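Trainee: Letter by letter, the sequence shown follows residues 601 to 1514 in the working numbering. Even glycine gets a Cβ: it sits at the ideal position worked out from N, Cα and C. What you are looking at is a predicted structure, and each value in this text was computed from that prediction instead of being measured. Input: one structure, supplied below.
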Amino acid sequence: MPPESIKLVPSANFWPAAARALLAACHQDSGAGGQRDFARWRVVLPTFAHAQPLKAAIAAELGGTFVPPQFFTLSGWLMTLAPLPNVLPASERLMRLYAELRQHGWLKKLFTARRNTDLLPLAQTLLALSDELTQALLPGLHADAASDPEQRWQSALEQLSPDARKLLSDETQLVWSIWKSQLDADDAIAARFAQMLQIAESASQPLIWISSVAPEPLEQAFLDAYARRQRVVTMTLDWRAPAILPTYAAAWPELVEAVAAVTGEERADIAVSDHAQPAELLLCAAGSVEDEAVQGAQMVIDWLQSGKTNLAIVAQDRVVARRIRALLERAQIHVADETGWKLSTTRAASAIAAWFDVVAARGETTALLDLLKSPFVLNEAPRDLLHEAQDSIANKSALVMKIELLLRRANVLGEWRTVISALNAAPAEQKAVALLAQQAALFSGRKNLRDWIAATASALECLGIASALSADAAGQQILQLLQNIAPPANDFAALFSFPEWRALVNLQLDDTSFISAINDRRVVMLPLNGARLRTFDAVLMVGADADHLPSQPQETLFFANTVRRELGLATRESRQRQQLRDVVELLAMNPQVVLSWQAHKDGEPNPVSPWIERLQLTLARHGAPALAARRAKIAAQSLQATPPVMPAPAAPQLTPSRLSASAYNSFIQCPYQFFARRMLGLASLDELSDLPEKRDYGGWLHEILETYHESLRDQPCPAEQREALLADISKKLFDNVIAKNAAALGYYSRWQKVISAYVVWANEQEAKGWRFVFGEQAYEKPMQLADRDLTLHGRIDRIDENDAGERAVLDYKTNNLLVLNKKLKDHEDHQLAFYGLLSDRPVAAAHYVALETTKDKVGDVSAPDYDEAQRALAAQISVNVQAIAHGVGLPANGVASVCQYCDVRGLCRKGAWE
601 MPPESIKLVP SANFWPAAAR ALLAACHQDS GAGGQRDFAR WRVVLPTFAH AQPLKAAIAA
661 ELGGTFVPPQ FFTLSGWLMT LAPLPNVLPA SERLMRLYAE LRQHGWLKKL FTARRNTDLL
721 PLAQTLLALS DELTQALLPG LHADAASDPE QRWQSALEQL SPDARKLLSD ETQLVWSIWK
781 SQLDADDAIA ARFAQMLQIA ESASQPLIWI SSVAPEPLEQ AFLDAYARRQ RVVTMTLDWR
841 APAILPTYAA AWPELVEAVA AVTGEERADI AVSDHAQPAE LLLCAAGSVE DEAVQGAQMV
901 IDWLQSGKTN LAIVAQDRVV ARRIRALLER AQIHVADETG WKLSTTRAAS AIAAWFDVVA
961 ARGETTALLD LLKSPFVLNE APRDLLHEAQ DSIANKSALV MKIELLLRRA NVLGEWRTVI
1021 SALNAAPAEQ KAVALLAQQA ALFSGRKNLR DWIAATASAL ECLGIASALS ADAAGQQILQ
1081 LLQNIAPPAN DFAALFSFPE WRALVNLQLD DTSFISAIND RRVVMLPLNG ARLRTFDAVL
1141 MVGADADHLP SQPQETLFFA NTVRRELGLA TRESRQRQQL RDVVELLAMN PQVVLSWQAH
1201 KDGEPNPVSP WIERLQLTLA RHGAPALAAR RAKIAAQSLQ ATPPVMPAPA APQLTPSRLS
1261 ASAYNSFIQC PYQFFARRML GLASLDELSD LPEKRDYGGW LHEILETYHE SLRDQPCPAE
1321 QREALLADIS KKLFDNVIAK NAAALGYYSR WQKVISAYVV WANEQEAKGW RFVFGEQAYE
1381 KPMQLADRDL TLHGRIDRID ENDAGERAVL DYKTNNLLVL NKKLKDHEDH QLAFYGLLSD
1441 RPVAAAHYVA LETTKDKVGD VSAPDYDEAQ RALAAQISVN VQAIAHGVGL PANGVASVCQ
1501 YCDVRGLCRK GAWE
């Protein structure tokens, strides 16, 4: 006999009504063992969580003890059967189809795919569509082996216009061919259906099927087959007009099911009883994302404080829902998130993604540093990489920091050999990076899926990532996911490149949900369909605006709604009607529901969901009170205003014992900058740049000129040959630089315009009696203060000497004479005077040498009153260092030109107190 159908009213009394219907059905069964033994019955529920309210409702009806029926979910029931050996994993099935698609160049043109991996999402879409067709057409094929699905297919396509059929001919033929090729013993849905029929053929116990929605075609075919051997009773929600609150039926007529003839199997006493009272439906119009989140969090807190212990947050807007969760957890309220989040967004997955980025970029520095900073990398690596320290995490931090400093200082952008060479001065750090390079080399060439799994597992193990993932819940899921891509006995031999393997893993991580362990269930976050047949003390739905309710329609690639309707597939209208029924079920089964949304977005009004507007209009037409507004009251806090003021820290304990020219210039420009950068040591890291900077240019010129003048000093040559000598030295250096970075060619061209003028100036200096002594000399010199010692240190670009034995300091600047003249006239630069104090012998003069031409000439600018400038600087240094040591404040009084490029402006917060 066919399954018996019982319709139950969507209300808070659903489970008591279901319990009464179940008891009535069991008592009619002559095989029931007494009035309280229901062990012979099987009850299939949507989830195991629904067993508890049903069991509680049966206990309330019977009173006292009883033997409950056997509770199952359909998936759980199928898992009790032996697995079918021929079923392919979803990932292998995907890659088999992808391997076929990439063979056809016309597909790339048809779908504008620029590379093979662009076809992978297409293969996934085609398989999803094929699965939809299987679910819709397979029951008919099983019921009537002579039926021709091709005829139904052609009939569906005839619903399109001739132009549309012509336009989609290639796509539809592709879908149909793929569906027919997938419909075999390897297909997971076909195998699942075979298992369902296997259960039905061996049915020995009566069955009760409970669900809020009508059975899918495969499920209905299973129930029909089961009913041929045992009694089957289905309980679903009643969406006929008498069972729905009149207000809802009037506001949303599309949710009402057309009334069919009442059959003997329908039980009118159950269908029309237990009408729900309207929920306390409240609206909360928020002004912004943050306002909606704050209001939602405060409502949850208020409900908990009022004694409610079973609350739900329906996450139509995931952004707001996540913010509410963060606010609640800050208030020490745990949220059991049943929606989960993509596995690809977890920290564990980021370690896999970072490793793949490094492999793909061949050791690119930014990607390499991101990988090394992951908490999942190198913590369990060989101990010699971490200097055999007990605190491996702290030592790893030091190792990574040293690698970063060395690579940034050398401005190494990437490439394994270049990166490893830049770490020659740090053997342990170099060994760590060499290990990464060794493992990355294993990801070359083309491999089958099993070999890619083995290579990835080997790299994760060697780099300590596997052990770290094993200690993390999401990491454990990722490791299992990688192994499940292809089973050990896999015979799929197609070869794939690393980009294809990476795209597959990313797709799997993106399609897999991670749900953390749930212990405290007082506050549950769930999707709208996750609230089916569940009752809470109060419900908050966030995102009840037109953008999120109803949800945005999913793409229906290849098929128009008319074709999908003819084929029995879900259409946009059917999805929206089911979502509307989910909303009505939520309102009917819960005593209090608050709908919140952002009433304004980006300065523009943002309307509430059209479903809610229709409900409000219906209420107004019938003279009923409008839906009430709800705003949570946020407790006021009194804060004492503290106007920001210019910081002027005092730190005598950090008084410097060493001082350089650049450090002292920093003190003169802004004492706070000196405090932050020199006393606290908060210097920023060097920026990685694929373009040379002016400081790089200056360094190259220093090296060129040192080589040039040392060559002339040791092996003098005629004046007419000197320009060629300097040009040759410059070419050799820039050839090496340009080979590494072609962008340096611009600086080379710039310097070539200066070479001739510089040689003329240098010859003139020599004619005046000045001879080059040495260049790039590092100095340290103690300076005795009143109560402490101070060491001056620095590097002098060049020292010249004349026939009288007098010395002159020369400092190269990649500026022109106008800029250097202004630099000395401002009297705020003390670099030349500082070099005079630093020299081990008295210095009679000091010059800035311009390495940029002015009217095709270069020249130098002399420091006036040099002896007096040195004496004044020595006295000034003594006074200022003593003042720091005595606790004088260091104010942030730099001028705008200094603050504009200051690294520590975020610390002094200039602009907030000016």
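Have a look at 1266, 810, 1475 and flag the residue whose alpha-carbon is nearest the alpha-carbon of residue 1502.
Mentor: That would be 1266, whose Cα lies nearest to the Cα of residue 1502.
Trainee: Inspect the beta-carbon positions of residue 924 and residue 1142 and report whether they are closer than 8 Å.
Mentor: Yes; because the gap between Cβ atoms is below 8 Å, this pair is in contact.
Trainee: CA-CA distance, residue 982 and residue 970?
Mentor: Bear in mind that the predicted position of residue 982 carries a pLDDT of just 49, short of 50, making it too unreliable to give a figure here.
Trainee: Looking only at DSSP bridge pairs, what is residue 606 linked to?
Mentor: Partner(s): 835.
Trainee: Rounded to whole angstroms, how far is the Cβ of residue 583 from the Cβ of residue 644, which I believe are closer than 8 Å?
Mentor: Nothing about residue 583 can be reported from this structure: the residues present for the chain run from 601 to 1514 only.
Trainee: As an exercise, report each continuous beta strand (DSSP E) stretch of at least 3 residues that is fully enclosed by the segment 1400-1468, in chain order.
Mentor: Taking only runs of at least 3 residues, the beta strand (DSSP E) segments lying wholly in the segment 1400-1468 are 1407-1413, 1445-1450, 1460-1462.
Trainee: Would you please state the rounded distance, in angstroms, between the beta carbons of residue 1477 and residue 1264? I believe it to be under 8 Å.
Mentor: Sure, about 7 Å apart at Cβ, within 8 Å.
Trainee: Here's a check: name, in chain order, each residue in its chain whose Cβ is nearer than 8 Å to the Cβ of residue 1029, leaving out the five neighbours to either side.
Mentor: If we look at residue 1029 and ignore the five residues flanking it on each side, its Cβ neighbours are 999, 1002, 1003, 1006, 1023.
Trainee: Tell me, which residues are paired with residue 1382 by DSSP?
Mentor: Answer is 1391, bridged to residue 1382.
Trainee: Going straight from the alpha carbon of residue 1075 to that of residue 948, what length do you get?
Mentor: Their Cα atoms are separated by approximately 5 Å.
Trainee: Count the CB pairs spanning the segment 1132-1142 and the segment 897-916 that are closer than 8 Å, and state whether there are at least three.
Mentor: Enough Cβ pairs lie closer than 8 Å, so yes.
Trainee: Which whole-angstrom value is the C-beta distance of residue 1014 and residue 1064, which I expect to be below 8 Å?
Mentor: Not really, about 23 Å apart at Cβ, beyond 8 Å.
Trainee: Verify whether the separation of the beta carbon atoms of residue 591 and residue 1120 is less than 8 Å.
Mentor: Here the chain covers residues 601 to 1514 and nothing more, so residue 591 does not appear.
Trainee: Which of the three DSSP states, helix, strand or coil, is assigned to residue 1205?
Mentor: Of the three classes helix, strand and coil, the one that applies to residue 1205 here is strand, per DSSP.
Trainee: I need the DSSP call for residue 977, collapsed to helix, strand or coil.
Mentor: Coil at residue 977, not helix or strand.
Trainee: Name the one or two DSSP bridge partners that residue 1372 has.
Mentor: Partner(s): 1400.
Trainee: In terms of DSSP beta bridges, what is residue 1113 paired with?
Mentor: For residue 1113, which the question treats as bridged, DSSP gives the partners 942.
Trainee: Considering only the alpha carbon of each residue, which of 1441, 715, 1426 lies closest to residue 1381?
Mentor: Of 1441, 715, 1426, the residue nearest in Cα terms is 1441.
Trainee: Kindly indicate which three-state DSSP category residue 1222 falls into: helix, strand or coil?
Mentor: Coil.
Trainee: Going by DSSP, which residues form a beta bridge with residue 880?
Mentor: Residue 880 pairs with 1192.
Trainee: Can you list the beta strand (DSSP E) stretches of 3 or more residues lying completely in the segment 673-719, in chain order?
Mentor: Runs of the beta strand (DSSP E) inside the segment 673-719: none found.
Trainee: Tell me the DSSP secondary structure of residue 1125 in three-state form.
Mentor: In this structure, residue 1125 counts as strand in the three-state DSSP scheme.
Trainee: Does the Cβ of residue 1047 have 16 or more other Cβ atoms within 10 Å, making it buried, or fewer, making it exposed?
Mentor: Burial call: buried.
Trainee: Using the Cα positions of residue 1352 and residue 1327, report the straight-line distance between them to the nearest angstrom.
Mentor: Taking the straight line from one Cα to the other gives about 8 Å.
Trainee: Going along the chain, which residues of its own chain have a beta-carbon closer than 8 Å to the beta-carbon of residue 665, five neighbours each way excluded?
Mentor: Excluding sequence neighbours, residue 665 sits near 636.
Trainee: When DSSP builds the beta bridges, which residues end up paired with residue 1258?
Mentor: Per DSSP, 1391.
Trainee: Would you mind sorting residue 1171 into buried or exposed? The rule is 16 or more other CB atoms within 10 Å of its CB.
Mentor: The residue is buried, with at least 16 neighbouring Cβ atoms inside 10 Å.
Trainee: To the nearest angstrom, how far is the alpha carbon of residue 1377 from that of residue 1250?
Mentor: So the two alpha carbons sit approximately 35 Å from each other.
Trainee: Hey, residue 825 and residue 800: beta-carbon distance below 8 Å or not?
Mentor: Contact: yes.
Trainee: Which same chain residues end up closer than 8 Å to residue 1488 when comparing Cβ atoms and leaving out the 5 residues on each side of it in sequence?
Mentor: Answer for residue 1488: 1250, listed in chain order.
Trainee: Rank 686, 792, 707 by C-alpha distance to the C-alpha of residue 731 and give the top, closest one.
Mentor: If we check each option's Cα against that of residue 731, 792 comes out closest.
Trainee: Using a threshold of 8 Å, state whether the C-beta atoms of residue 667 and residue 690 are closer than that.
Mentor: No. Outside cutoff.
Trainee: Would you mind stating whether residue 1288 and residue 966 have Cβ atoms separated by less than 8 Å?
Mentor: Yes, Cβ-Cβ distance for residue 1288 and residue 966 is below 8 Å.
Trainee: To the nearest angstrom, how far is it from the Cα of residue 1059 to the Cα of residue 687?
Mentor: The straight-line gap from Cα to Cα measures roughly 29 Å.
Trainee: Of the residues 1203, 856, 845, 1468, which one's Cα is nearest the Cα of residue 1179?
Mentor: Ranking 1203, 856, 845, 1468 by Cα distance to residue 1179 puts 856 first.
Trainee: Relative to the C-alpha of residue 955, which residue among 1038, 1088, 641 is closest?
Mentor: When only C-alpha atoms are compared, the closest one is 1038.
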